[in-house]
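I have placed the structure first, in the form of structure tokens, so that the comments after it can refer back to it.
Number of protein chains: 2
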Amino acid sequence: MSALDQVLARIDADLDASLDRLFAMIRIPSISTDPAHKADCRRTAEWLAAELAAIGFDASVRDTPGHPMVVAHDPDGKGKPGPHALFYGHYDVQPVDPLALWHSDPFEPRLEKQPDGETWITGRGASDDKGALLTFVEACRAWKAVNGGLPINVSMLFEGEEESGSPSLRPFLEAHRDELSLDVALVCDTDMWDRETPAITMMLRGLVGEEVVITAASRDLHSGMFGNAARNPIHLLTAILAGLRDADGRVTLPGFYDGVKELAPEIRAQWERLPFDEAAFLADVGLSIPAGEAGRSVLEQVWTRPTCEVNGIVGGYIGEGFKTVIPSKASAKVSFRLVEGQDPETIRAAFRAHVRAMVPADCTVEFHQHGGSPALALPVDSPVLRKTLDALTREWGREAALAGTGGSIPIVGDFKRLLGMDSLLVGFARFDNRIHSPNEKYDLSSFHHGIRSWARILDALSK
Amino acid sequence: MSALDQVLARIDADLDASLDRLFAMIRIPSISTDPAHKADCRRTAEWLAAELAAIGFDASVRDTPGHPMVVAHDPDGKGKPGPHALFYGHYDVQPVDPLALWHSDPFEPRLEKQPDGETWITGRGASDDKGALLTFVEACRAWKAVNGGLPINVSMLFEGEEESGSPSLRPFLEAHRDELSLDVALVCDTDMWDRETPAITMMLRGLVGEEVVITAASRDLHSGMFGNAARNPIHLLTAILAGLRDADGRVTLPGFYDGVKELAPEIRAQWERLPFDEAAFLADVGLSIPAGEAGRSVLEQVWTRPTCEVNGIVGGYIGEGFKTVIPSKASAKVSFRLVEGQDPETIRAAFRAHVRAMVPADCTVEFHQHGGSPALALPVDSPVLRKTLDALTREWGREAALAGTGGSIPIVGDFKRLLGMDSLLVGFARFDNRIHSPNEKYDLSSFHHGIRSWARILDALSK
């Protein structure tokens, strides 16, 4: 029996004890946004540090202006093969309102047998993020128990403010740059592809947010008196915005696609094999005709193609009835999703140049900046990615999906920008886990196979 | 001395008495919107009917569900040369709030000498519309006094609800169609061109109002998750609206300009002679570059060219900050100003077809209709127009302006649609008369030369 096989057997045998520990953690109501639970947050941090210390980590609770961090290092880690990994998670949870909608006490976790054979672990934080973070801790526990140590060097960072905007995180990363700038971050905050298919989220699009305000006349005008002769800023704005995309859905800003790489053939091939139903994806929101770039699949569009969306527009009279006004001002909020190879400030400048070129000299335009962050992507040929993919495929019996995500996961950008560290995002949650909602649950199979997956990944990364 | 010269001399000699009558009328606070002044409104109607009876008209106060009408006919009018004219005015006035801003009692009219030599008649209704309507009544009085009768057949209609939306007017016109369907309406509700130049308003643009609501997805979407793949209704709407005009400012709807006539050369020539400063017109509202159709003067554009304006647009997130949403809906309010030769319902149908052609099959579009009225224009070769123009030019010593107006004057449309009668709009008010505001005034020269102008017009129409 290989070292890994022994670890996996140990995980199976120890599952009830692992569940007991998860239950113990869920029972501490670590609601970070509620000052009444300040002590509970600290208690959870201390509980976690004690558990890590118990399995041989140098673990400490570190004060911040808010809730404390927990940092742990493996005293035996030095000299291990493979990358030095920093596992990140958070021990705080969302509030539980409305409490009346919960079927049982959110802080008294239960196992609930489901008709499909699955078992749910219920309770606030069961999935987000106590269950998820313990998959990693329990994997480390099993490795240490069976083999006396981990296959690679592992450190851990847990925060207690993720559900309240992580105000202390960036200052903490900056203050502990040397301690925490390791080879790779492991983040366990994402979903499975579907019930049977694990996923690695390897691409996160970047974002440029811009608000543009066009002012024409110095006051609102009567469209009968001035219509046609006086510039209407809504006309200007619609022409500007309509001009951002061509008939094929491509963004028209000069240079917008410079540096944008085509999808690697192996990823494209994998996505074509993924169980993804474009029609169902659109039908779920009442649509049937894909928009966006002609000739690109929906997955390609939302994960790896840059785009432009108008998120808000307003001008003139918008109340009941009708008013024949030519407004003085019209404005829009526009966002660009960026992919690897695009620089946010270059895109912003191109957008502003496009707008300015269309605004006549007697009108003015103001811009308000709303965020700018580059895309993040784990290189397709990264050994960490390849090894993790293999480990997951072995555990789940089917090829793990290499996924993108259109949304943002701030910690990943922070690790990259502040610590120069790529992140590997592997998660075992499911879409239907009701995180942030009443009756949050984590599937027992997510927890069990999640622990086993991390055990395999730690092994794979050492090879 | 011609009959007209004698009438003009009589007007000059009688000016103080004419002013006394205007003062008497202003002193009755006929505020139509205020139920407390219901009896004052009736009293004003009765005062007016009595004045008309005193100069030989068959005048009657006619009840309506609201304030009464005054209708007067000339018992000697039958068989007179020229058109049978219906003069229209209103005896009710606007409220006077805020009273504290008035320099003197709004219902105690005064003459106020101005530094530039002008004299103001102050008081609520001095201009709108008591002073204006009396210019016509006093002209009739002078004709009757000097020559024992009027040169043409004249009837009059005065309402007491103009400042409260004229609820009784249309039913009254319909109920008295035979009595009131005469050859031409004379309306005295418009402005001079400038202090020295009288004006005939001969063109009123029509209007089609449309509200369009586009629905794409069945709910608001996260633009990171769905952007590019899910249709954004703001994109659709901006493309639809931007597509309504071409680069030269022309409306692109098929058939939009069908039936639209070029400006008659003599009108164009007159407009080129008018003291109108395009640059100042635009500078007054903070602009300097004419918008709209290339190669058309501002006056031409606002008076005689059809156009399209977006009067309101809204979609997505419009609050503070930023939200990366793809909204389910976006909507706009669009108006078309029409000129002679355009049919409102044809234009509405063309607009809706343009929108529908651009909305994909999985999105829906709703339209809400907000009014539709054709343009009204007095034919340039109308004898009534020509004769009035000559009469005004003789009185004021300079060529009267043949003006258009972009705004709407509902009575003119009602006369046309319900009674089949064109209107001749001649007014002696000035832009700065503060109608509807505190310290309303009417220039004594407007009143005096207004009376003389009508005396000349009555004479001219008989020739």
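Protein chains in written order, with UniProt numbering: chain A, 1 to 463; chain B, 1 to 463. Ideal Cβ positions, reconstructed from N, Cα and C, are used throughout, including at glycine. These numbers were taken from a predicted model, which means no experiment stands behind them.
Residues sharing a beta bridge with residue i, DSSP
{"i": "residue 219 (chain A)", "result": "Paired residue(s): none; residue 219 (chain A) is not in a bridge."}
{"i": "residue 368 (chain B)", "result": "B:211"}
{"i": "residue 203 (chain A)", "result": "A:377, A:404"}
{"i": "residue 87 (chain B)", "result": "B:156, B:186"}
{"i": "residue 197 (chain A)", "result": "A:194"}
{"i": "residue 225 (chain B)", "result": "In the DSSP output, where bridge partners are listed per residue, residue 225 (chain B) has none listed."}
{"i": "residue 120 (chain B)", "result": "B:112, B:443"}
{"i": "residue 58 (chain A)", "result": "A:73"}
{"i": "residue 337 (chain B)", "result": "B:207, B:307"}
{"i": "residue 422 (chain B)", "result": "B:184"}
{"i": "residue 332 (chain B)", "result": "B:212, B:313"}
{"i": "residue 466 (chain A)", "result": "The requested residue 466 (chain A) is not part of the displayed model; chain A covers only 1 to 463."}
{"i": "residue 326 (chain B)", "result": "B:221"}
{"i": "residue 245 (chain A)", "result": "A:251"}
{"i": "residue 484 (chain A)", "result": "Only positions 1 to 463 of chain A appear in this structure, which leaves residue 484 (chain A) out of reach."}
Rounded Cβ spacing between residue i and residue j (contact assumed at less than 8 Å)
{"i": "residue 449 (chain B)", "j": "residue 399 (chain B)", "result": "Actually they are not in contact, since the Cβ atoms of residue 449 (chain B) and residue 399 (chain B) sit about 15 Å apart, beyond 8 Å."}
{"i": "residue 461 (chain A)", "j": "residue 115 (chain A)", "result": "Wrong, their Cβ atoms sit about 38 Å apart, outside the cutoff."}
{"i": "residue 439 (chain B)", "j": "residue 122 (chain B)", "result": "6 Å"}
{"i": "residue 169 (chain B)", "j": "residue 414 (chain B)", "result": "7 Å"}
{"i": "residue 48 (chain A)", "j": "residue 70 (chain A)", "result": "5 Å"}
{"i": "residue 152 (chain A)", "j": "residue 458 (chain A)", "result": "6 Å"}
Cut-off 8 Å between Cβ atoms - residues of its own chain near residue i, not counting five sequence neighbours on either side
{"i": "residue 416 (chain A)", "result": "376, 422, 423"}
{"i": "residue 68 (chain B)", "result": "41, 42, 45, 61, 62, 160"}
{"i": "residue 174 (chain A)", "result": "418"}
{"i": "residue 249 (chain A)", "result": "291, 292, 293, 294"}
{"i": "residue 76 (chain A)", "result": "56, 149, 150"}
{"i": "residue 102 (chain B)", "result": "96, 438, 439"}
{"i": "residue 10 (chain A)", "result": "142, 145, 146"}
Interface residues of chain B facing residue i [CB-CB closer than 9 Å]
{"i": "residue 312 (chain A)", "result": "234, 314, 315, 316, 317, 318, 319, 322, 323, 325, 327"}
Short Cβ contact (8 Å threshold) for residue i with residue j
{"i": "residue 244 (chain A)", "j": "residue 180 (chain A)", "result": "no"}
{"i": "residue 330 (chain B)", "j": "residue 237 (chain B)", "result": "yes"}
{"i": "residue 64 (chain A)", "j": "residue 158 (chain A)", "result": "no"}
{"i": "residue 120 (chain B)", "j": "residue 112 (chain B)", "result": "yes"}
{"i": "residue 489 (chain A)", "j": "residue 230 (chain B)", "result": "No answer is possible for residue 489 (chain A): it lies beyond the span of chain A, which begins at 1 and ends at 463."}
{"i": "residue 337 (chain B)", "j": "residue 321 (chain A)", "result": "no"}
{"i": "residue 132 (chain A)", "j": "residue 165 (chain A)", "result": "no"}
{"i": "residue 195 (chain B)", "j": "residue 430 (chain B)", "result": "yes"}
{"i": "residue 468 (chain B)", "j": "residue 392 (chain B)", "result": "No answer is possible for residue 468 (chain B): the residues shown for chain B start at 1 and end at 463."}
{"i": "residue 141 (chain B)", "j": "residue 28 (chain B)", "result": "no"}
{"i": "residue 445 (chain B)", "j": "residue 138 (chain B)", "result": "no"}
{"i": "residue 454 (chain B)", "j": "residue 136 (chain B)", "result": "yes"}
{"i": "residue 412 (chain B)", "j": "residue 267 (chain B)", "result": "no"}
{"i": "residue 374 (chain A)", "j": "residue 343 (chain A)", "result": "yes"}
{"i": "residue 18 (chain B)", "j": "residue 451 (chain B)", "result": "yes"}
Beta-carbon neighbours of residue i, restricted to chain B and to distances below 7 Å
{"i": "residue 221 (chain A)", "result": "285"}
{"i": "residue 239 (chain A)", "result": "242"}
{"i": "residue 361 (chain A)", "result": "289"}
Under 7 Å by beta carbon: chain A residues contacting residue i
{"i": "residue 301 (chain B)", "result": "228, 229"}
{"i": "residue 209 (chain B)", "result": "322"}
{"i": "residue 335 (chain B)", "result": "223, 324"}
{"i": "residue 309 (chain B)", "result": "223, 227, 232, 326"}
Residues that residue i contacts on chain B, provided the C-beta gap is smaller than 8 Å
{"i": "residue 205 (chain A)", "result": "224"}
Listed by chain order, chain A residues near residue i by CB distance under 8 Å
{"i": "residue 370 (chain B)", "result": "321, 322"}
{"i": "residue 305 (chain B)", "result": "228"}
{"i": "residue 298 (chain B)", "result": "229"}
{"i": "residue 282 (chain B)", "result": "229, 230, 362"}
Beta-carbon neighbours of residue i, restricted to chain A and to distances below 9 Å
{"i": "residue 216 (chain B)", "result": "285, 286, 287, 291"}
{"i": "residue 245 (chain B)", "result": "235, 239"}
Own chain residues within Cβ distance below 7 Å of residue i, not counting five before or after
{"i": "residue 315 (chain B)", "result": "233, 234, 237, 327, 329, 330, 331"}
{"i": "residue 308 (chain A)", "result": "244, 245, 251, 334, 336"}
{"i": "residue 126 (chain A)", "result": "26, 109, 440, 441, 442"}
Sequence-distant residues of its chain with Cβ nearer than 6 Å to residue i (five each side left out)
{"i": "residue 221 (chain B)", "result": "230, 326"}
{"i": "residue 366 (chain A)", "result": "213"}
{"i": "residue 425 (chain B)", "result": "187, 190, 201"}
{"i": "residue 129 (chain B)", "result": "89, 90"}
{"i": "residue 434 (chain A)", "result": "440"}
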